[in-house]
Structures are given as C-alpha cells and as structure tokens.
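Using the working numbering, you'd call the opening residue of the sequence shown number 74 and step up by one each time.
By construction, the Cβ of each residue, glycine as well, lies at the ideal position given by its N, Cα and C atoms.
Source: prediction; values computed, not measured.
Encoded as structure tokens, the structure appears first; notes follow it.
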Amino acid sequence: MTHAPTAPAPDRAVFPAPPGAQELAARYGLVRPGARPPLGAYTRMLWQRRHFTLAYTQARLTTMYTGARLGQLWKVLTPVLNIAVYYLIFGVLLKQRHNTGGGNYISFLCIGIFVFTYTRESVTTGGKSVADRLDLIRAVQFPRACLPLAAVLVQLEQLLMSLLVVAVVVLGSGEPLTASWLLALPALALQTLFNTGLAMVLARVVATVRDLGEVVPFVMRTWMYTCGVMYSIDRVSGHLPHAAAVALRANPGAVYIELVRGALLESYPAVPVWTWAVAAGWAVLSLTAGYVWFWKAEDRYGRG
Numbered sequence: 074m075t076h077a078p079t080a081p082a083p084d085r086a087v088f089p090a091p092p093g094a095q096e097l098a099a100r101y102g103l104v105r106p107g108a109r110p111p112l113g114a115y116t117r118m119l120w121q122r123r124h125f126t127l128a129y130t131q132a133r134l135t136t137m138y139t140g141a142r143l144g145q146l147w148k149v150l151t152p153v154l155n156i157a158v159y160y161l162i163f164g165v166l167l168k169q170r171h172n173t174g175g176g177n178y179i180s181f182l183c184i185g186i187f188v189f190t191y192t193r194e195s196v197t198t199g200g201k202s203v204a205d206r207l208d209l210i211r212a213v214q215f216p217r218a219c220l221p222l223a224a225v226l227v228q229l230e231q232l233l234m235s236l237l238v239v240a241v242v243v244l245g246s247g248e249p250l251t252a253s254w255l256l257a258l259p260a261l262a263l264q265t266l267f268n269t270g271l272a273m274v275l276a277r278v279v280a281t282v283r284d285l286g287e288v289v290p291f292v293m294r295t296w297m298y299t300c301g302v303m304y305s306i307d308r309v310s311g312h313l314p315h316a317a318a319v320a321l322r323a324n325p326g327a328v329y330i331e332l333v334r335g336a337l338l339e340s341y342p343a344v345p346v347w348t349w350a351v352a353a354g355w356a357v358l359s360l361t362a363g364y365v366w367f368w369k370a371e372d373r374y375g376r377g
C-alpha cells in the first residue's frame with residue numbers, strides 16, 4: 074500500500090493578515106519587531122541611546138586590562154614599547170631617520186605610529202563589534218550602530234592617553250609648544266569620522282562573513298606600509314609615476330598623519346592646504362557611506 078507524498082511542514086505557520094491590518098498598524102504606529110526603521114528615525118534612535126553607547130564604552134574600557142597586574146597603566150606602557158620597537162627597527166637598523174623630510178625622527182615616528190594605530194584598532198575592533206556581540210544583540214533592543222561606534226570611542230580614549238606620551242616625546246626632542254598644536258584637534262576629529270564610517274562598513278561585512286575578520290589585520294598591516302608611518306612619502310615618491318605618487322599622498326591613512334605632524338612639529342615641512350580638503354572629503358565619504366551601508370542591514374544582525 075502506497076501513500077501519496079506529503080509536502081514538508083513549514084518551519085512556522087504563516088497566516089495572512091486580516092483585512093485592514095495594515096491601516097490599523099499605520100494608525101497606531103505599530104511595526105514588525107526587529108524591522109529596520111527609516112534612516113531618519115534610526116538616527117534619532119541612535120542619539121536617544123547615546124547614554125547606552127557611552128556606558129557600553131566605559132564597560133569595555135574597564136574590562137580591557139582587568140586581568141593584567143598593571144591594569145590601566147598598560148594604556149601608557151603599550152605605546153612607549155611600540156615606539157621603542159619601531160625606532161630600533163626603522164630608525165637604527167634600516168636608517169630611515171634620514172628619510173623623514175625633517176630632522177626629528179623620534180617625534181616623526183611617534184606621531185605616525187599613534188595616528189595610524191588609532192585607525193587600525195578602530196577598524197579591527199569595530200569590524201568584529203557586531204559578530205562578537207550576538208548574545209547582546211539578541212537580548213536587548215537597540216540600534217546596532219551603537220556597537221561599532223562604541224568600538225571607535227574606546228580607541229579614541231586610548232588615543233587621548235597616547236597623546237600624553239606623544240607630547241612628552243615631541244617636547245623632549247626639542248620641538249616647541251606652539252599655537253599650531255591646536256590644529257591637531259580638527260585633524261583627529263576628521264579622522265574619528267573616517268574611522269567610524271570604515272568600522273561600520275567592516276562591522277556589516279564581518280557580521281555576514283565571519284572569516285573576513287581574520288583577514289582584516291593583514292590588510293591593515295599592509296596599508297600601514299603605504300601611509301608613511303616610518304618614512305616620508307614626499308622623499309620616496311619622487312621616482313614613482315605621477316598617478317602612484319598622487320595616490321600615496323591622497324591615501325587617507327597618510328593624510329591624517331601628515332596633518333598631525335604638520336601641527337605638532339615645527340621642523341616638519343608645511344603641509345599643503347589641499348590636504349585638509351582631502352581629509353574632510355574622506356571623513357564625509359566614509360561616514361556617510363558606512364552609516365547608510367550599515368543601516369541597510371539593521372534588521373539582519375543577530376539572525377540565524
């Protein structure tokens with residue numbers, strides 16, 4: 074005796090909406106749970122959750138060095154050790170201290186390391202911010218953009234601690250304290266906007282394809298060597314084709330480093346005015362594109 078094949082049961086029953094349901098939902102402002110809100114409403118929600126973002130940022134900072142004996146002191150020790158290692162390799166062994174565009178290599182190197190590290194760590198941690206917090210996403214309702222934004226804020230606070238080390242190194246190397254130091258603030262503000270947008274792009278990508286998060290550190294390391302962290306781009310781009318030289322100078326990683334070096338180092342050559350326009354352009358483009366790109370997948374984060 075044979076039986077007619079039966080269709081597999083659906084995972085869940087789907088019932089048609091009763092007549093007039095859409096009109097009632099629109100009248101009383103009802104939306105599907107987890108639905109992506111319009112961009113304007115999403116932005117307002119993100120602002121309303123600013124206290125949540127700041128509290129989450131502080132929690133991440135508190136737990137960062139909880140297991141270390143020296144605790145928060147590593148915020149200062151880590152950049153100092155980085156300076157020592159890079160100076161030994163690039164300043165002493167590879168003799169790049171004669172290829173800086175100025176005579177103060179230790180300050181030149183110090184600024185390059187910290188400014189690029191800010192972008193590198195913002196992108197790396199921001200890229201994993203959604204994929205690593207699926208339990209929180211599934212338990213609490215909040216704009217998911219809070220997570221990459223908090224990752225950037227964590228790195229911003231780390232940078233502010235590092236700037237104390239930078240100031241000591243720069244002043245100790247003979248550079249004067251001048252009014253131009255204030256120009257570092259808008260430069261770092263533009264870099265923060267750039268970092269936030271790029272972190273949001275990577276957060277969506279890594280949330281979709283988790284394995285790409287393991288590739289990001291290698292990409293960032295390669296990018297670092299094109300940003301003039303250890304050498305002056307103007308000094309080494311003379312023999313390159315014009316298009317390649319322009320691409321190196323317009324590289325966002327190099328642009329923000331150049332602006333901060335020009336602000337803090339009196340011995341450094343004057344930074345062209347167009348560099349500010351390029352820095353602002355990268356910041357606006359990155360933040361706008363990254364924010365919209367991240368928002369478009371808002372209703373898919375945390376789902377199986």
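If you compare the alpha carbons of C183, G375 and A323 with that of V239, the shortest gap goes to C183. Two segments are said to touch when three or more pairs of C-beta atoms, one from each, lie closer than 8 angstroms; by this definition the region 279-293 does not touch the region 237-256. As the crow flies, the alpha-carbon of T295 is around 54 angstroms from that of E96. Taking each of M303, E230 and L244 in turn and checking the Cα distance to L134, the smallest one comes out for E230.
Between F267 and L360, the C-beta gap is smaller than 9 angstroms, which places the two residues in contact. Taking I330 as the centre and dropping the five residues before and after it, the same chain places the C-beta of I184, G185, V188, F189, C300, G301 and V302 closer than 8 angstroms to its C-beta, in chain order. Note on geometry: alpha-carbon atoms of A204 and R283 lie some 7 angstroms from one another. The region 265-313 contains no complete beta strand (DSSP E) run of 3 or more residues. With fewer than 16 other Cβ atoms inside 10 Å of its own Cβ, P345 counts as exposed. With a 10 Å radius around the Cβ and a threshold of 16 neighbouring Cβ atoms, R373 comes out exposed. Residue range Y178 to G200 is occupied by the alpha helix (DSSP H) that includes E194. Rounded to whole angstroms, the Cβ separation of V243 and S202 is 32 angstroms, and the two are not in contact under 8 angstroms.
If you draw a 10 Å sphere on the C-beta of Q121, you find fewer than 16 other C-beta atoms in it, and that means exposed. The way I'd put it, the region 151-170 doesn't touch the region 318-335; fewer than three beta-carbon pairs between them come closer than 8 angstroms. For the pair L332 and A212, the Cα-to-Cα distance works out to about 42 angstroms. In this structure, the alpha-carbon of T126 lies about 8 angstroms from that of L222.
Around the beta-carbon of Q228, 16 or more other beta-carbon atoms lie within 10 Å, marking it buried.
Apart from the 5 residues on each side of it in sequence, S253 sits with its Cβ closer than 7 angstroms to the Cβ of A336 in its chain, given in chain order.
Using a Cβ distance threshold of 9 angstroms, L275 and V196 count as a contacting pair.
In the three-state reduction of the DSSP assignment, Q121 falls in the helix class, which pools H, G and I. Taken atom to atom, the span from the alpha-carbon of I156 to that of Y364 is near 34 angstroms. Taking 9 angstroms as the cut-off, the Cβ atoms of Y341 and L261 do not count as close. Judged by DSSP in its simplified three-state form, G375 adopts coil rather than helix or strand.
Apart from sequence neighbours up to five positions away, the residues of its chain that approach L226 with a beta-carbon distance below 6 angstroms are T130, ordered along the chain. Classified as buried, G164 has 16 or more neighbouring CB atoms from the shown chains inside 10 Å of its CB. Counting the other CB atoms within 10 Å of its CB gives W347 a total below 16, which places it among the exposed residues.
The three-state secondary structure of F215, taken from DSSP, is coil. Listed in chain order, the non-local C-beta contacts of A327 below 8 angstroms within the same chain comprise T299, C300, G301, I306 and L321, local neighbours out to five positions each way being set aside. The criterion of a C-beta distance shorter than 9 angstroms is satisfied by L263 and A353. The three-state reading of DSSP puts R109 in coil, since its state is none of H, G, I, E or B.
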